[in-house]
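Note that the working numbering has the sequence shown beginning at 99, numbered continuously upward.
Please read the structure below before turning to the comments.
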Amino acid sequence: MVQINTSDDLVEQIDELGVAETVKLHRKPPLPTRILRDLYELYHDQDIYLEFLAHYPLIPSDLADQIATKLDPKKSGIAIGLASNPRCPQQALNRLVKHKDVTVRHTLSTNSNLTPKEFQILVEDENPYVRAAVAQNAALPVHLQFILADDESSAVRISLANRKTLDLDIAVHLAESDDTAVRAAVILHCKLDDELLQLWADGDDLSQQLLLLRRKDELPQSAQTAIHFSTHSFACRTALARRELNGPEMLFFAESDDTRDRIFLAEYPDLPASIQRILAQDISPKVRRRLAANTSLHESIALHIAASSDLGSCRALAKNPSISDEVIAHLCAHPEDEIALLVTYRDDLTDTHRDLLINQRDSLSAAEHFAYLEIEYSNTSEAVAEQLAQNDAPTLRAFSATSINLSSRVRARLAADMSDSVRLAIASNTTLDDTQLKRLCEDTNREVVFAAEETYTRRLRERSPEPTTPSAETQREAPRKRAKSKPALFKKIVKFFGE
99 MVQINTSDDL VEQIDELGVA ETVKLHRKPP LPTRILRDLY ELYHDQDIYL
149 EFLAHYPLIP SDLADQIATK LDPKKSGIAI GLASNPRCPQ QALNRLVKHK
199 DVTVRHTLST NSNLTPKEFQ ILVEDENPYV RAAVAQNAAL PVHLQFILAD
249 DESSAVRISL ANRKTLDLDI AVHLAESDDT AVRAAVILHC KLDDELLQLW
299 ADGDDLSQQL LLLRRKDELP QSAQTAIHFS THSFACRTAL ARRELNGPEM
349 LFFAESDDTR DRIFLAEYPD LPASIQRILA QDISPKVRRR LAANTSLHES
399 IALHIAASSD LGSCRALAKN PSISDEVIAH LCAHPEDEIA LLVTYRDDLT
449 DTHRDLLINQ RDSLSAAEHF AYLEIEYSNT SEAVAEQLAQ NDAPTLRAFS
499 ATSINLSSRV RARLAADMSD SVRLAIASNT TLDDTQLKRL CEDTNREVVF
549 AAEETYTRRL RERSPEPTTP SAETQREAPR KRAKSKPALF KKIVKFFGE
């Protein structure tokens, strides 16, 4: 840091670094008073240096007063510096309290050296931002805080509510405001004693109780208990959701006349089976649906829902990721296609479930959706596969072509299908006879040819006799025997394609 020995050194530094940086640089150690006075005497007609003096927090009070006395009202930059300066004398602050520039008055409102006289003027300022800044001033007298508590501007009252220290009577007054934002500001953020929190918890105001539950700091136990027994069920539910319910509380909600109470309980984790049975017979379909979607649903209750005609509950049950395979099987057999289709899109289906959905239903809807999802399933029944094979959609015919239960007539028709995807699917079907495979090996589509050749190669390998377990002597001759079997397989393939 450059050593400042004269006012000229200070001038040079202000020109180089600017006012704000120079002020910051010389807070510690402070500049000698002599240099500050010399700067004013020599450069009092240049605004940049007066602005530095006005902002410098260690300026002599008499020098600050001298600057304020001769200050041109149009020079707001200097006035702002004086308004925020803790060394600014009382007379100078009094001159600035009615300054025409709102920025100057706003800055002055934060000065902790204001007297009640200046505060009285500022709390009645025409600009709400000025009044809001005054409301935050730690030195603001209490009787003037009451004036701001009834200010027409919500921003002013919110600013007052956010004070670090707030009179209890003012806090109570603000908490009863018609403006939700004002109530929220005082209840959520104020550092209040437990008695006032208890007063709001015991009251019958729903908004106050809900705001108490949203405070970052944990409520005293007595206040929490008071909200648990609130006359407003929503506040009660919100409070109880934070802890584990006991048996009597669950029964109270299960028998409540308020549907919202029963919905809240139906969504609660780890409900006993006895409570679930009550909710499963609830008159409200919303309650039954929420119970069916509960991941802690007991299997006996789930089976009861799956066997019912309550479509809404069955829909929710079909989407429940925690139901057992047995429950899924019951849903697969549900008479409504809507339920079966929801089950079709689950990720945890077994072949047993697919058999129920594809082969055991009167409708082909589930089978068609499996086809569109490109689910691999080769055990489609002959009847279902034949119906799909007659469909106009190539996707459904391709799904049918993978079935191992196709009749020879249907296989032949699919092998000659006009769609490449259908012929490709049938080419991998292991139930094709040699003639059908040979026809596919001459297909115009190379992928179909490759698939047919691979299928036939596997068939030839399966027809080849399995070697018996060799003895110690035959093991030494094994390479020669395996070498002979390879040409035989090759000849069979060549003979097949040469016919």
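Glycine included, every Cβ here is placed at the ideal spot set by N, Cα and C.
Only a predicted model underlies this, so the values are computations on that prediction, with no experimental measurement involved.
Inset, instruction - Work out the CA separation of S251 and G116 for me, nearest whole Å. - result: When the Cα atoms are used, G116 and S251 turn out to be separated by approximately 38 Å.
Inset, instruction - My understanding is that Q234 touches R261, with C-beta atoms under 8 Å, so please give their C-beta distance in whole angstroms. - result: Right, the Cβ-Cβ distance comes to about 6 Å (below 8 Å), so this counts as a contact.
Inset, instruction - Tell whether a beta-carbon distance below 8 Å holds between D423 and T442. - result: The beta carbons of D423 and T442 sit no closer together than 8 Å.
Inset, instruction - Give a yes or no on whether the C-beta atoms belonging to R524 and A499 are separated by under 8 Å. - result: Sequence inspection shows Ile at residue 524; the Arg mentioned does not correspond to that position. Contact flag set, yes.
Inset, instruction - For G410, count neighbouring Cβ atoms within 10 angstroms of its own Cβ and tell me buried if that reaches 16, exposed if not. - result: When all chains shown are included, G410 counts as exposed.
Legend entry - I421 to L395 span [Cα, whole Å]: I421 and L395 have their C-alpha atoms roughly 8 Å apart.
Legend entry - Cβ-based neighbour list, V270, same chain, cut-off 8 Å, excluding 5 preceding and 5 following: Excluding positions up to five away in sequence, the list reads L294 and L297.
Legend entry - Sub-8 Å separation of H428 and A414 beta-carbons: No, the Cβ-Cβ distance between H428 and A414 is not below 8 Å.
Legend entry - Presumed contact (8 Å Cβ cut-off) between R358 and S331, rounded CB distance: Rounded, the Cβ-Cβ distance is 6 Å, consistent with contact.
Legend entry - Inter-residue Cα distance where the pair is A390 and L308: Going by the C-alpha atoms only, they are around 29 Å apart.
Inset, instruction - Return helix, strand or coil for S105, following the three-state DSSP convention. - result: DSSP places S105 in helix when its eight states are reduced to three.
Inset, instruction - Reducing DSSP to helix, strand and coil, say where G175 ends up. - result: Here G175 sits in helix by DSSP.
Inset, instruction - Following the continuous alpha helix (DSSP H) through S305, name the residue where it begins and the one where it ends. - result: Residues L304 to L311.
Legend entry - S501 - containing alpha helix (DSSP H), residue span: Under the DSSP assignment, S501 falls outside any alpha helix (DSSP H); it carries neither an H nor an E label.
Legend entry - Distance between R335 and A324 (C-alpha atoms, nearest Å): Straight-line Cα distance between these residues: approximately 12 Å.
Legend entry - L212 - DSSP class collapsed to helix/strand/coil: For L212, the three-state secondary structure derived from DSSP is coil.
Inset, instruction - Determine the closest residue to A333 out of P318, N344 and F362, with distance taken between C-alpha atoms. - result: The candidate whose alpha carbon is nearest that of A333 is F362.
Inset, instruction - Within 10 angstroms of the Cβ of L220, are there 16 or more other Cβ atoms? Answer buried if so, exposed if not. - result: Buried is the call here.
Inset, instruction - Return the CA-CA distance between V200 and Q189, expressed in angstroms with no decimal places. - result: V200 and Q189: Cα-Cα distance of roughly 19 Å.
Legend entry - Delimiting residues of the alpha helix (DSSP H) encompassing I524: Judged by DSSP secondary structure, I524 falls within the alpha helix (DSSP H) whose first and last residues are D518 to A525.
Inset, instruction - Could you tell me whether the Cβ atoms of P155 and P184 are closer together than 8 Å? - result: Contact: yes.
Inset, instruction - Using three-state DSSP, classify G410 as helix, strand or coil. - result: The DSSP-derived three-state label of G410 is helix.
Legend entry - Beta-carbon contacts of A400 that lie in its chain and below 8 Å, excluding the five residues immediately before and after: Hits under 8 Å: A390, L415, N418, I421, S422 and V425.
Legend entry - Candidates R507, L454, I403 and R255, of which the one nearest R375 by Cα: Of the candidates R507, L454, I403 and R255, the one whose C-alpha sits nearest the C-alpha of R375 is I403.
Inset, instruction - Give the C-beta separation of N147 and L161 to the nearest angstrom, bearing in mind that I take them to be a contact with Cβ-Cβ under 8 Å. - result: Strictly speaking, residue 147 in this sequence is Tyr, with Asn absent from that position. About 12 Å separates the beta carbon of Y147 from that of L161, a gap too long to meet the 8 Å contact definition.
Inset, instruction - Give the secondary structure of N192 by DSSP, where H, G and I count as helix, E and B as strand, and everything else as coil. - result: DSSP places N192 in helix when its eight states are reduced to three.
Inset, instruction - For the alpha helix (DSSP H) containing P383, list its first residue and its last residue. - result: First-last of the alpha helix (DSSP H) with P383: P383 to A390.
Legend entry - Three-state secondary structure assigned by DSSP to I112: I112 sits in a helix when the DSSP states are folded into three classes.
Inset, instruction - Enumerate in chain order the residues of its own chain whose CB-to-CB distance from T572 is below 7 Å, with the five nearest sequence positions on each side excluded. - result: Any reading at T572 needs caution, since the residue's pLDDT is 42, under 50, leaving its predicted position unreliable; the model's value is listed next. Nothing listed; no residue qualifies.
Legend entry - Nonlocal neighbours in the same chain, by C-beta distance under 6 Å from I268, ignoring five residues either side: Contacts found: Q243 and A247.
Legend entry - Integer Cβ distance of L486 from L462, believed to fall under 8 Å: Cβ atoms of L486 and L462 come within 8 Å of each other, at about 7 Å.
Legend entry - DSSP three-state assignment for S372, whether helix, strand or coil: In the three-state reduction of the DSSP assignment, S372 falls in the helix class, which pools H, G and I.
Inset, instruction - Give me the Cα-Cα distance between S228 and P318, rounded to the nearest whole angstrom. - result: Inspection of the sequence shows that residue 228 is occupied by Val rather than by Ser. Taking the straight line joining both Cα atoms gives about 37 Å.
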